[in-house]
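Have a look at the structure below before the remarks.
Chains as they are written, first to last, in the working numbering: chain A, 1 to 418; chain B, 1001 to 1418; chain C, 2001 to 2418; chain D, 3001 to 3418.
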C-alpha cells in the first residue's frame, strides 16, 4: 500500500489538521510534503465545503455555503528533481470515499451530496430556470449510489478528483489575475459574478504566516475555475487507472489535489453538480524532463483516462442548438446548445413524475455524457446529452404506451434565496 | 431487403434523376415518396456537393465549393397516417457508401473527402488559424478509412447520415427566418457570415415549378444548421442500429435525409469535417401518436444510438478553457474551450511530423470524442477532446524518449483564398 | 470496392456456376483464382446446404439435409509468392448477406435459418435431450435478426465466416485421415457418428475431372471439423475488421472460405446453430515470410477480432459442471460442463413460455458467450454461458414478482427422425 | 459503510481468530453470523493457504502447499427468514485486497501470488507439460498488478471471490460423496488424483467440537470443486457490481465465501492460477421466496456480472482442437481443445523471450478470455483463448519484422517435485 503522506482526521476542520493544505493558487505556498519520482503515496482529501453540508433534508446549508472556503486542497506536493518545463506524470492508482469508517457526519462517510446553487451564491448552469438552492443526498453501496431525494435511479460512480493542478509561476498567476479582473470589470455587480477575484477571507495557505500570508492571500488565485495548470477541471473520467501529464511551472511541480467526486455528469451542471465527498487518492508520480517543449504541452494537462468506467450499451439522447429559450438566434454557441439539450432532458424526465429540480440534480450527478456534436453549421451549434437507460429502475424510452409515472417521494430539499 | 423508394443514378446530377429531391426546408415541398408505418425502405443519398469534389490532389474544388447547392436531400418521405404532434420513430437499419460498384469518380464510390473551408467560403471552427482551403481524400477498405493526404492513421468509420429532419410547419419556418435574419442583421458583411438567408439560386424543390417554385425558393430555409426539426445535426453516433424520435410539424411528417458521412469526429470541426460521401440508407418508420405532448418533445429529436460503434480502450485527451489565444478571458464559453482543446491537440500532433492542416483534417474525420467537461466553474468552461490511440500506426503517447517523427508524405492539398 | 474474383449466381446451384469451388480439403484441388499480396477482393459464398433449406414452417428439410454436400467453399484462392512455412495474413474487410436483392428463396436473401440436427443426421450438442429435427427462420432488418419461430427477441448479428482455411499438405491430410479413421473404428456404427470419413458422393473438387477427381475424392478430408489449417472453426467473433494469421502448408496458401453466418452463439450448439446464409466476403491478403517458424505458429491460425461487435452491458449467466444429467461424476470435462450450463439456460427460458426447442435454437443463434470459467478444480470443470439481456423485449432477470409469460407463437417447426 | 460481521486479524492464523470460519461443506456446520434480508455487511477473507505462501523467490512453499487446509471460508452466514427452495440474492458491493495496511507478509497486503502446482500436489491444467512447481509474486498498485517474476506486463485486476456457495442439504452432500467416491474408485492411486474425498485432517468446522466435529469432519465435502451450491466456481467476472442468485438447500441459506483473487484468466489454468490474496468482501443479501421452482434454478447459481471490468479493444487469439499433443483424435473434447489453445499461446509467447513457465503463469493470472467457439463440428471441438494486447508493454502482434525479445529477468521460481 502506498505511504500516507497527507493525512486528515475526519473529526477535525481543515485548518486543525496535522498537516495544513491550502485553498488558493500561488507559487509561494510552501510544499506541504515532498515525494520522489516513482513514489506511490496516498493523500486524504476534504470535501469541498470542509464539512459544512449535512446529511439532512434541508437545503439551507447549500444556500449559505461559504464559497470563500473552497477548495480545501491536499498539497502542495513537491516532487524532487522536477523542473519548470518538465511534464509531470501523475498516475491515479486509486480514488475513493473515506474508507473503513462507519456512517458519519462528514460527506464521504458512506454518503455524499449534490447541490443546485442559488443565483445569490454562485448560480448554476441553468440559473435562470433554477434560481433557488436545492440539495440531494446520495448513499453509497459499494460503487453504487442511490438517493432518497431522487428515487428510481441507481448508478455506479466514476469516482474521481474534480481538481488536480500544479502551482502557477508568478507570471502565470499574474496573467490570470489580469484577465479575470478585466472580465469582472465589464459587469462588476453581476449576480452570479463573472469570476471570483482574490479573496483573503478564509484563505488557507499552508504554513505561511504573517506578512507573507497577507501578501499571498491578496494575490492568490481562487480555485473555482480550471486554468493552464489544470485545476478544477471536473473531468468525470479522470478515475482510477488514469495517467495525467501536467505542465510544470515551478521547480518541484507543486501538485495539489482535491474536490473528490463519487460521480458526476459531463459538465457538472448544477455547479455543485457532482456527488461531493471527502476521501483518499493514491498517486504515483514520474517526469518527462523538458516535456513541455518536446510535446508542445505548454499549458493545460493532457491525460489518458482509465479503462474501468461502467459500461452502458443503451442511451437516450437529447439535442439542443444555440437558440435561447426566448427564441433569439445566437451564433455557434455550444454553451447555450448544451443548456438547451439539458433542458430538453429535464423536461422529458418530468413526464415520468420527477420535479424539474430532481431531474436537474440527476443530470449533474449521474454518469451522463455531454458531447459537442456539431460546432460549425452556422448559425447553430448542436450539443447532445446522453442518459444511460440502465440507471433507471423503470423503462425510460418512449413507447406508444406513454411514460410510467414514478412516485417522486419527498422531493429535493429547497431553500429560496430570499 | 428493403424496397428502394428513392433511387439515384451515380452518373447523373441530382436534378437529372428519376425522382427529384430537394435542398431547402419548406412545408410546401411535395412529398417525393409515400411509405406506411412499419415499412422498411432504402433511399439513395447524394454527397453534399453533388459530385463537385474530386478524388485528386488539389483543393481548388473545396475553395470554390458551391454552398448554395447543399444539401441534396432524399425526400420528403411522407408516412401515411402520421399527424402533426406525433413522434415519428425512424430506425436506421443500415447506412453505407455506394455499394456494388467499382471505384468511381463520385464520392462514396470507394472513397470520400474532408475539407477545411476557407474564410471566403464558409470558414471552419478554427477559421482564424486556418483561413485557407485544404482537402484530404480518404480511401475505404471495408469499414476502414486511410488517406494519402494524412498518412499514419487508419480507423473504422461510424457511418451515419449527417442530416435527418422533418418538414417545418409554416409557423416554425417563419420563426427560423425571423430569428436568423435578426442575427445576420447584426453584422451583414461578416466573413464568414453569421447565418445563411434563403437563396433561390440553385434551389431544388422536388416537383415544384412556376410561381409555387419561386415563392417557396424565396422563403425556404437553408439546410446548413440543425434546428427544431433535426436537420443537419451531424451527430457522429447516429449510425446503424439507432432509433430516432422526430417531432412532427406537418401531416405526413415529411422526412428528408442526406449528407452521409463515412466517419466524423465530434463537432465536425473543419466544417466539411466528416468524410463526405454518397451512399444509401435503410430505414424503418413508425409513430407514437400525440407523442410530442406525451413526452414533452416539442422540438429537437431525441434518439438512441446503435450499439456497434468501434470500441477503443485507450484514449489521449486534451483540455481547453474559455480563454482566447490572445489571452482574453471569456465567461463560460464552451465553444471557445473546445476550440482551445482542439488547438492543443493539433499542436501536439505536429510534434510527430504532421502539418497543422493534416492534424486539423484528422480531427474532423476520425472518431474523436468532444466533451463538455465543466460548464459551471466561473469563468472557465472546460472542454476535452479524446483521440483513440489505436487509430495511429505509431506510438502517440508521451514518453521520456520523445515523439517518433513520421513521414508526412505529400501533405494536404492547399488552395489559398486569394 | 474490391474486385469480385469468385462470383456466384444466386439462381444456380454451386456446381453450375461460372467458377466452381470445392467442398473437400485436398492439396491437389487446383486454385480457382489467383491474387497478389496486398490485393483487396470479394468472394461470394453459398449457404452451407447450397439452397436446400427453405423459408417455410417445416423442418423436413433439416431432417433430410444432405451432409455429404457441405460445405460449398469459395476457393482455393492462391496468393502469388506465398510459400509453405509462411503466415498468410487475411484481413476480413467486410462480410454480409447477399446484397442488393429483394427477398428471395436462397438463405442470405433477407433471411437465414438455424437448425437442430436430428440424431440420425449428425445430431447436436444436446442430442440426448433433443433427438429430433427443428428449424427456425430468421428475418434480417439491417444488422438485426428476428424470427417468427422464436418470438420476443431481436439482436444484432455478428456476421462472420464459419469456415476459413488453407489447403493441407499431403502429410497433414494423411495425418487427419489416419487419426480420424482410428477414432471412427472405435465405434463405427455410432449414431451420430464420431467423425466423417472421406466421401466421394457429392464431392465437388473445382476443375478436377476423371482419374484425378476420383483419386482426390477418395482421399479428401471432409470440411465439418476445424483442424490445423483452420477450417470450420465457427468462431463467432471473426467478423469484419478481424485479422487472421494462417499457417501455410502448400505454396500459394490456397485459402478457401465459406459457411457464412449472420449470427452465432459461442459453440454453435445446435450443430446448424448459427443463422446460416449465403453472402459475400471482402478480403485483403498479405504474408509474413517464414512466419510459422518465427512465431511458433506451426498449426492453427491465430487472429485479432474486429472492434465493432455489438456491445451489451447486462448479461444473465448460467453455470454448469462436469456431472451428467444422470448424476455421474466426470473428471474435468468442460464439454459436459458447457452442456449442463446450456441446459440450465434452456430450462430457465421455458419458465417464460418458450418451448425447450425454441430456447435451444435461440442459444445457437444469438450472440451468447460461452466461457471456460474453471478447468482445474477437481473433479469439476465449471463452464458458463452468458445471455445479453437486451436481446429480449421483455424482462428476463429474476425478480420476486416471478417471470412474465410470453406468447410462444407458432413454435419451432419439428420433424421427427422416425 | 457496511457492518463488519466476519473480522480477521491478519497477524493470526485462521483458527485463532475471534470468529472461526470453516473449510469443508456440511449442513451441520453452525452459522458463524446471522444477517437480515436487505443488510449490507463486510466479511474478511483469508487467502486460500492461510498465509503459508511467502513473498519470496522460492517455489518450495507452492510445492509443499497443504491442500487439506483449503479453503478457509468466511461463514456460514445465515440469512433470517430464508427457506430451502428460495433463491438467495447476493449483491457483491465491493471486493478487494486487505485495505489500509502497509506492505505485509500476508498475501493481500499489497501483493499476491500465482502458483503452478506440481503433479505430486494437485497438478495443473497442463500437468503433463509442467510437472513441477513454480511461483510468481505480483505487486499491487491501485487496481493494477505487475510481477518481478513475469516482466513486461501490467494489467488491471478483475477482483473477485473465487468461491461463494450455500450449504448443501444432507441429501445433496450424500450425492456428492457418492458420485465422487465412484470416480475416485476408477483409479484410486492416480497422481494427481481424480477427486478429493472427505479428509478430517486440518478440517475447520466453525464452533463444532467433540463427536459432532468428528462426525462432520468425516462426512464433509472438500471445497476444491464447484458444485450445485456454487462453491469454487472461479468465475473471473464475479466482481463488484455482480448479482448472484443462489439456490438454497438449508433454511437460512448458510452462505460462505472465500478464495479471493486479485485477477484471474478464464479457467484459472495453473490450478492456483489466479493472483491469490486475502481481503474483504462487501455484500448485500435478499431473497426470492420459492425462487428455485419459480425460475427452474434447482441447482447451480445464476448471476449477472458487474459492468466495470477493464475494457480492452484489441485481442490476440489462439485456437485449439481436440487432438492430443501425440496426435490422437478425441471426440468433441473442449477441455482438450482449450489445453491445446493455451499451449499454442504459451509457445507463441516464448518467441518473445518468456520461459514456458512464465507464459503459463501469465495466462493463469491475466484477464484472458477462454471461449467455447465450436462444440459440434465432429470430431473436433474448437476452443479459443484471447489475450488483451494492451497488457504487454511491448508489441505482441505478428509482423514481418518478427518478435521483439524481452529480458525475462530472474524468471519464475522453480521447485522440482523430486
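All residues carry an ideal CB built from backbone N, CA and C; glycine is no exception.
Here residue 2342 of chain C is not bridged, per DSSP, to any residue. For the C-beta of residue 2311 of chain C, the chain A residues within less than 8 Å are, from N- to C-terminus, 311 and 313. Counting only runs that start and end inside the segment 163 to 217 of chain A, the alpha helix (DSSP H) elements of at least 4 residues fall at 170 to 185. Using a Cβ distance threshold of 7 Å, residue 3270 of chain D and residue 3116 of chain D count as a contacting pair. Residue-level contact by beta carbon fails for residue 2321 of chain C and chain B, as no gap is shorter than 7 Å. Assignment of beta-bridge partners to residue 1247 of chain B by DSSP yields B/1087.
Listed by position along chain B, the residues whose Cβ is nearer than 7 Å to that of residue 3390 of chain D are 1313 and 1314. Contact between residue 2074 of chain C and residue 2026 of chain C is absent: CB atoms are separated by about 16 Å, not below the 8 Å threshold. Residue range 3302 to 3304 is occupied by the beta strand (DSSP E) that includes residue 3304 of chain D. Looking at A/50, A/414, A/361 and A/303, the one whose alpha-carbon comes closest to that of residue 1389 of chain B is A/303. Between the segment 3362 to 3374 of chain D and the segment 3163 to 3170 of chain D there are fewer than three inter-stretch CB-CB distances shorter than 8 Å, so the stretches are not counted as touching. Scanning its chain for C-beta atoms nearer than 7 Å, with the 5 sequence neighbours on each side dropped, one finds around residue 3203 of chain D the residues 3023, 3024, 3217 and 3220, in chain order.
The Cβ-Cβ distance between residue 62 of chain A and residue 145 of chain A does not fall below 7 Å. Taking 8 Å as the Cβ-Cβ cut-off, the segment 2372 to 2386 of chain C approaches chain D at 2372, 2373, 2374, 2375, 2376, 2377, 2378, 2379, 2380, 2381, 2382, 2383, 2384 and 2386, given in chain order. Taking C-alpha positions only, residue 1259 of chain B is separated from residue 338 of chain A by approximately 23 Å. Interface criterion met: the Cβ of residue 3180 of chain D is under 7 Å from a Cβ in chain C.
Around residue 3110 of chain D, the beta-carbon contacts reaching into chain A at under 7 Å are 1. Among the CB atoms of chain A, none fall inside 7 Å of the CB of residue 3355 of chain D. When Cβ-Cβ separations below 7 Å define contact, residue 2214 of chain C makes no contact with chain D. Taking the Cβ atoms as the reference, residue 106 of chain A lies roughly 7 Å from residue 47 of chain A, within the contact range of under 8 Å. Under DSSP, residue 2017 of chain C forms no beta bridge with any residue.
Shortest Cα-Cα distance from residue 1215 of chain B to any of B/1198, B/1224, B/1223 and B/1110 involves B/1198.
For residue 2357 of chain C, the uninterrupted alpha helix (DSSP H) segment begins and ends at 2356 to 2365. Interface flag for residue 351 of chain A against chain B is set, since a Cβ pair is found closer than 7 Å. Residue 3097 of chain D places its beta carbon less than 7 Å from that of residue 3277 of chain D. Residue 2288 of chain C: not part of any alpha helix (DSSP H); member of the beta strand (DSSP E) spanning 2279 to 2288, first to last residue.
The distance from the Cβ of residue 246 of chain A to that of residue 255 of chain A is about 7 Å, consistent with a contact at the 8 Å cut-off.
Around the beta carbon of residue 2394 of chain C, a 10 Å sphere encloses fewer than 16 other beta carbons of the protein chains shown; the residue is thus reported as exposed.
Scanning A/176, A/140 and A/253 for the CA closest to the CA of residue 113 of chain A turns up A/140.
DSSP places residue 2295 of chain C inside the alpha helix (DSSP H), whose first and last residues are 2291 to 2295. Nearest to residue 231 of chain A by C-alpha distance, out of B/1380, B/1030 and B/1355, is B/1380.
With 16 or more other Cβ atoms from the protein chains shown falling within 10 Å of its own Cβ, residue 1040 of chain B counts as buried.
For residue 3062 of chain D, the uninterrupted alpha helix (DSSP H) segment begins and ends at 3060 to 3063. Using a Cβ-Cβ cut-off of 7 Å, residue 305 of chain A does not count as an interface residue toward chain D, since no Cβ of chain D sits closer than that to its own.
The continuous stretches of beta strand (DSSP E) do not include residue 3331 of chain D, and DSSP gives it neither H nor E. Taking residue 1283 of chain B as reference, the option from B/1028, B/1352, B/1248 and B/1037 with the minimal CA-CA separation is B/1037.
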